[in-house]
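Student: First, the structure itself, so that you have it in front of you.
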Amino acid sequence: MEFENIETITLLGAGSMGHGIAEVAALAGYEVRLRDIKTEFVENGYEQLVWSLDKLAEKDQISEEEADAAADRVTPLVDVKEAVDDTDVVIEAVPEKMEIKKDVYSEVETYAPDRTIFATNTSSLSITDLSEVTDRPEQFCGMHFFNPPVRMQLVEVITGSHTAESTLDAVEQLAEAFGKTPIRVHKDSPGFIVNRILVPLMNETCWMVSDDEATVAEIDSTTKFDMGLPMGAFELGDQVGNDVTYHVLQYLQEVLGDAYEPAPFLKETVDAERYGKKSGEGFYDYE
Ligand code: CAA
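1314 is the number of the first residue of the sequence shown in our numbering; add one for each residue after it.
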């Protein structure tokens, strides 16, 4: 698939990354299908997308007409066949679990045209392993956005062992067309670049709370005001989604060892379904 011929993009998963990437693609003028497994998930994702577009319009970052046009370019769907029928690019942003993602690809490859590029927004999982469950490993790569996609500039474009150069070129050009800055990650290593650095940092802060070495407030004041991060470490965790951080750590622990063991404080937070902003509660309360 040549970049110039890309017109339609399918987002699989309407969670915070899925609807955020759908918004970015629609703002760039693409026809977007936003798909999730339940009507309520798709409706919620679409509502969040419209909220974000309205917010951008409110702040004059886009016009109201641009916001309306972008919202109109997005079709919310549950039927997977309809979602990938005759689409040019599939960007998958389903939960960060290898088995869930593999099941999704097995289903999707049946209905997607041969030309379609598969790009995964995985935060950490092996691109090569995921590509091998599809019938097109050479047309498969990582396209990793950051939360919130509409505000974050970077996109990691990750090559798997089988990815063709032409696929990477097309995906990098697509990221540029989205107004983003793609960085090519040449090695398919766990967590790629950003999350290999960032997720252990967030875990370490949770270990400090677990071991009663510092409080959430102390750590966030330090990371935000002294270390110059845009958000405190725990605010960032709530932005990313504590379940996402936890799943990334579980994978890093599995493939890299116990140095990546999730801290008890993080596990307790996830077990209590305090996932962060998206669930209304995380390390902080949002309602
Ligand atoms: N769409 C539109 N508006 C949004 C928004 C969205 N998706 N998300 C937040 N906003 C709005 C807020 O509602 C708020 O609006 P009000 O001012 O009306 O209350 C406003 O944006 C806040 O924006 P500001 O410009 O005032 O704040 P800021 O300059 O601090 O920017 C930020 C916000 C861009 C999120 C900034 O805090 C930041 O860069 N944070 C770090 C985020 C980050 O590092 N993300 C990557 C995490 S790692 C990851 O995602 C990868 C992974 O796989 C786990």
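Think of the CB as a built atom: it goes at the ideal place given N, C-alpha and C, for glycine as much as any other residue.
Give the straight-line distance between the Cα atoms of N1555 and N1516, rounded to the nearest whole angstrom.
Tutor: C-alpha separation (whole angstroms): 10 Å.
Student: What does a CB cutoff of less than 6 Å around F1491 pick up in its chain, not counting 5 residues either side in sequence?
Tutor: For F1491, where only same-chain residues beyond five positions count, the Cβ hits under 6 Å are V1337, A1341.
Student: With distances taken from CA atoms, which of H1475, Q1566, I1532, A1339 is nearest P1462?
Tutor: The residue with the shortest Cα to Cα distance from P1462 is A1339.
Student: Could you give the first and the last residue of the continuous beta strand (DSSP E) run that contains G1455?
Tutor: Looking at the DSSP string, the run of the beta strand (DSSP E) that includes G1455 is 1453-1457.
Student: Under 8 Å, Cβ to Cβ, is there at least one residue of chain C near G1326?
Tutor: In the structure shown, chain C cannot be found, because there is only a single protein chain.
Student: Distance check for W1364 and F1505, CA to CA, integer angstroms please.
Tutor: Roughly 31 Å between the two C-alpha positions.
Student: Looking at ligand 1, does it come within less than 7 Å of K1415, judged from the CB to the closest heavy atom?
Tutor: For ligand 1, not one heavy atom lies less than 7 Å from the Cβ of K1415.
Student: Give the secondary structure of D1373 by DSSP, where H, G and I count as helix, E and B as strand, and everything else as coil.
Tutor: In the structure shown, D1373 sits in coil (DSSP, three-state: anything other than H, G, I, E or B).
Student: Counting only runs that start and end within the stretch 1478-1512, where is the alpha helix (DSSP H) found for 4 or more residues in a row?
Tutor: Counting whole runs of 4 or more residues, the stretch 1478-1512 contains the alpha helix (DSSP H) stretches 1478-1490.
Student: Give the list of continuous alpha helix (DSSP H) stretches no shorter than 4 residues that lie fully inside the stretch 1498-1582.
Tutor: 1507-1523, 1529-1534, 1546-1553, 1555-1569, all fully within the stretch 1498-1582.
Student: Quickly, what does DSSP pair F1431 with across the bridge? List them, please.
Tutor: The partner list for F1431 (beta bridge, DSSP) reads V1403, F1453.
Student: Using 8 Å as the Cβ pair cut-off and three pairs as the minimum, do the stretch 1570-1579 and the stretch 1518-1536 touch?
Tutor: With a cut-off of 8 Å, the stretch 1518-1536 and the stretch 1570-1579 count as touching, because enough Cβ pairs lie within range.
Student: Report the CB separation of F1458 from I1334 in whole angstroms; it is logged as a contact under 8 Å.
Tutor: Contact holds; Cβ gap of about 5 Å.
Student: Just reading off the alpha helix (DSSP H) that I1334 is part of, what are its end residues?
Tutor: Taken as a continuous stretch (DSSP letters only), the alpha helix (DSSP H) holding I1334 covers 1329-1340.
Student: Give a yes or no on whether the C-beta atoms belonging to T1323 and A1432 are separated by under 8 Å.
Tutor: Against a cut-off of 8 Å, the Cβ pair of A1432 and T1323 comes out as no contact.
Student: Is Y1588 buried or exposed, if buried means 16 or more other CB atoms sit within 10 Å of its CB?
Tutor: Y1588 should be labelled buried.
Student: Is it the case that the CB of P1495 approaches a heavy atom of ligand 1 more closely than 7 Å?
Tutor: Not under cutoff, so the answer is no.
Student: Let me make sure I understand the geometry here. Which of I1471, N1460, D1427 has the alpha-carbon closest to that of L1443?
Tutor: Considering only alpha carbons, the answer is I1471.
Student: Just verifying my parser: in three-state terms, what is the DSSP assignment at G1326?
Tutor: Three-state result, G1326: coil.
Student: Take the Cβ of M1330 as the centre, count every other Cβ of all protein chains shown within 10 Å, and call the residue buried at 16 or more, exposed below.
Tutor: M1330 comes out buried.
Student: Given this structure, state the Cα-to-Cα distance separating E1353 from P1389, to the nearest angstrom.
Tutor: Roughly 11 Å separates the two Cα atoms.
Student: If you reduce the DSSP assignment to three classes, tell me which class D1598 lands in.
Tutor: It is a strand residue.
Student: For the alpha helix (DSSP H) containing I1413, name the first residue and the last one.
Tutor: That run of the alpha helix (DSSP H) goes 1411-1424.
Student: Count the other C-beta atoms from every protein chain shown that fall within 10 angstroms of the C-beta of A1327, then say buried if there are 16 or more, exposed otherwise.
Tutor: Looking at its Cβ environment, which holds 16 or more other Cβ atoms inside 10 Å, A1327 is buried.
Student: What are the start and end residues of the beta strand (DSSP E) that includes T1388?
Tutor: Here the beta strand (DSSP E) through T1388 covers 1387-1390.
Student: Note down the Cα distance separating S1376 from D1367, rounded to an integer number of angstroms.
Tutor: Going from the Cα of S1376 to the Cα of D1367 covers about 9 Å.
Student: Do the stretch 1550-1570 and the stretch 1580-1599 make contact, defined as three or more Cβ pairs closer than 8 Å?
Tutor: Segments in contact, yes.
Student: Considering only their Cβ atoms, is the gap separating V1393 from R1348 smaller than 8 Å?
Tutor: Yes, Cβ-Cβ distance for R1348 and V1393 is below 8 Å.
Student: Check this for me: beta carbons of S1403 and A1425, under 8 Å apart or not?
Tutor: A small correction: the amino acid at residue 1403 is Val; Ser does not occupy that position in the sequence shown. It is a contact, given that the beta carbons lie within the stated cut-off.
Student: Could you check whether V1417 and E1405 sit closer than 8 Å to each other, using their CB atoms as the reference points?
Tutor: Cβ atoms of E1405 and V1417: closer than 8 Å.
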